[in-house]
Each structure stands twice: as structure tokens, then as C-alpha cells.
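Shown next, in C-alpha cells, is the structure this report addresses.
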Ligand code: SF4
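In this note's numbering, the protein residues as written are 245 to 569.
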């Protein structure tokens, strides 16, 4: 593994292996051909201990000779020098202070961040260089950095989004076994709102027959509204290669009664059928408006498409250099 410093296992993170690397670069440039409005991402970690069964980034783990399943969840690459590298990169005279997105591929506030604390240095480097920041996470460790993000927000735009897909505790523990609870994530949204941030909740992926009934959606939207979030981005489950095999195996094991339906939806496509997505939008938009939430779906939401394209581009053309990711 290029740049490998050491490989670490510790009792506090049982089951996880950290491969500490010294990265040559940390800012990842989004391909020029992409229509995305931002050009830069940072992913201090590769692999993600949040272990979401549906995770779209799974295939990006393959080129390291890891697999997209268990290795993605447990063999984590940590760019231990990411804050220093970011500081050097954004300190260059050529740096144009374009928006940098964190959390577009793997979660910057996954459990490893409790050990390595890379985000404070990254946030400081971006804020002090007047670089706008966008963070998408499922991690409640975000709370630790809210004071820093508030400081940065005095000088630059700081956009915070929390991803919360499942509002049933049992299902959440099964499908996202490494994530903080839904309640803890809602509490994190509340804290960010109290600090003056306008927080977006990503209510996605919505999983057919598992989280999409009118009652489930109503319950989800009520709780999001009560957290003080401003806006909701929603979207049906996408299953790209890598995630698809892993998710369909999970469905066959945990919900065999749904396997035929999922195969009908996803065998030939990464997306749920258009009619299903339309129906979901027709169900959710009025509900969100009724609760005072600005509704966006991933069909018309540039940053979701952006994130998806970044992941897709990186999946299709993985760099031989892990440091570029
Ligand atoms: S938190 Fe995001 S990056 Fe991490 S496993 Fe879940 S979907 Fe993937």
C-alpha cells in the first residue's frame, strides 16, 4: 500500500484494522467533464466503519486488493497527515478557494475520527484559507467540531447535512450497524441548528417495502421537522455494482420475502423504476411542505447527483494512488 506507515488494531476498536498512510495529496479534483458545481472533495478515510449495507462507495475499496463487502467495513485506510496536506494545498497561491465537499464518498465522522481527530485540522485549514466547506455525515462526532465550524462560518460558507435514512431502531441497527442511532443523529442536527446552522437532512436511501410506507414517511418527516432541520433531500435506494451484490445478499438473508421484489427493481438497473421514484416524490413533497421543510429530491438536487457522480467516477476509474482519493 503506497505511503503505508503502519497497520494498527486496538481493543477499543475491536474488529477494525487501521492502515495509516501518509498521503501525497488530500484534495481530490472532480473531473472537468463533470457538471458538478463543486470541483473538490476530501476523504480522510477510505472504507467506512458505519458499515451501511447499501453504501454506494463500496466498489471504491476494491483496487487496494480489499473487497467491497467486509473489507470496506473493517479495513480502513487513514490519511494521518491529511490536515497538513490540506493546509499546504490550500496555502498555494494557485488555490482558488472553491467549495470543498467532505463526506461525498466515505464518512469523515466515522468511528476512526474519534481516534485520529483529523477533521479539526482540516476545518481550520479550510476556514483560515477562506475556503467554503460542505459536510455530509451520519456521525454524531460532528458535535465536537461545531464550535470550530461556527468559527469558520464567520468567514466562509459552511453547509452541514446529516444523513438519516431509517427511523425504526431495529432496522437501523441491522442495515447500518456501525452508525450512531437515529435519535443521536437528530440530537446532533438540533445542536447544529441551535448554533445557527441551516441543516439539511438526507432522507435517503428510501428502501422499497422497508422504509417507504405512508406511515413510515410521516413518522420520519415529523421527527426531522422536530429537529429543526431546514431542508430534506430524499431519494430512493440506488444499488451500484459493489453495493448491489452486498445489499441483495443481505435482503436474501434478512428479508427473503422481499428478494423477488428487489430483484425485479434492481437486477437490470442501479435505480429503482421511474414510476416508483415518481410515486415517492408525490408522496413526500406535500408531506414535507406541510411540515415546513423545503423538499428536494435527488432527481433535481445537484449536490446529490454530484456526490453520486463523484462516487461513480471514482468507482469506474480508481486511481492507482490511494493518496489521490
Ligand atoms: S456512512 Fe456513508 S460512507 Fe459510510 S458506510 Fe454509510 S453510506 Fe457508506
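Idealized CB from N, CA, C, for every residue including glycine.
From a predicted model like this one, the values you see are computed outputs, not experimental measurements.
query                                                                                                                        : result
Where the beta strand (DSSP E) through residue 284 begins and ends                                                           : 284–286
Supposed contact pair residue 446 and residue 419 - C-beta distance, whole angstroms, cut 8 Å                                : The Cβ separation is near 15 Å, so there is no contact.
Same chain only: Cβ atoms within 7 Å of residue 528, ignoring 5 sequence neighbours per side                                 : 461, 478 and 539
Distance, residue 361 Cα to residue 247 Cα                                                                                   : 19 Å
Nearest candidate by alpha-carbon position, reference residue 304, set 467, 358 and 348                                      : 348
Neighbourhood of residue 467 by C-beta distance below 8 Å, restricted to the same chain and skipping five residues each side : 411, 426 and 430
Runs of alpha helix (DSSP H) wholly within the region 398–449 (minimum 4 residues, chain order)                              : 413–419 and 426–438
Beta-carbon proximity list for residue 387, same chain, < 6 Å, skipping 5 on both sides                                      : 432 and 435
Member of 390, 424, 486 and 245 whose CA lies at the smallest distance from the CA of residue 309                            : 245
Paired residues, beta bridge with residue 372 - DSSP                                                                         : Bridge partners of residue 372: none, in fact.
Stretch pair the region 517–536 + the region 326–346: three plus CB contacts closer than 8 Å                                 : no
For residue 381 and residue 351, believed in contact at Cβ under 8 Å, the rounded distance                                   : 5 Å
CB contact flag (residue 458, residue 505, <9 Å)                                                                             : no
Residue 481 versus residue 326 - alpha carbon distance                                                                       : 31 Å
Pick from 421, 417, 501 and 364 that is closest to residue 293, judged by C-alpha positions                                  : 421
Expected contact under 8 Å - CB spacing of residue 264 and residue 273 to nearest Å                                          : Not a contact, Cβ separation roughly 24 Å.
Residue 302, buried or exposed, once every other Cβ within 10 Å from all chains shown has been counted against 16            : buried
Member of 374, 439 and 534 whose CA lies at the smallest distance from the CA of residue 389                                 : 439
Beta-carbon proximity list for residue 515, same chain, < 6 Å, skipping 5 on both sides                                      : 482
Range covered by the beta strand (DSSP E) that runs through residue 541                                                      : 538–541
Among 356, 404 and 391, the one whose alpha carbon lies nearest that of residue 474                                          : 404
Coarse secondary structure for residue 488, derived from DSSP in three states                                                : helix
Environment of residue 423 [buried if 16+ CB atoms lie within 10 Å]                                                          : buried
Where residue 524 falls: helix, strand or coil (DSSP)                                                                        : helix
Unbroken beta strand (DSSP E) run spanning residue 479, endpoints                                                            : 475–480
CB contact below 9 Å: residue 289 versus chain E                                                                             : No chain E appears in this structure, which consists of one protein chain only.
Identity of the residue in 368, 375 and 373 nearest residue 392 by Cα                                                        : 368
Proximity below 9 Å, CB of residue 364 to CB of residue 342                                                                  : no
Helix, strand or coil at residue 548 [DSSP, three-state]                                                                     : Confidence at residue 548 is low in this model, with a pLDDT of 47, below 50, so its placement is unreliable and the value that follows should be read with caution. Of the three classes helix, strand and coil, the one that applies to residue 548 here is helix, per DSSP.
Euclidean distance between Cα positions of residue 346 and residue 260                                                       : 22 Å
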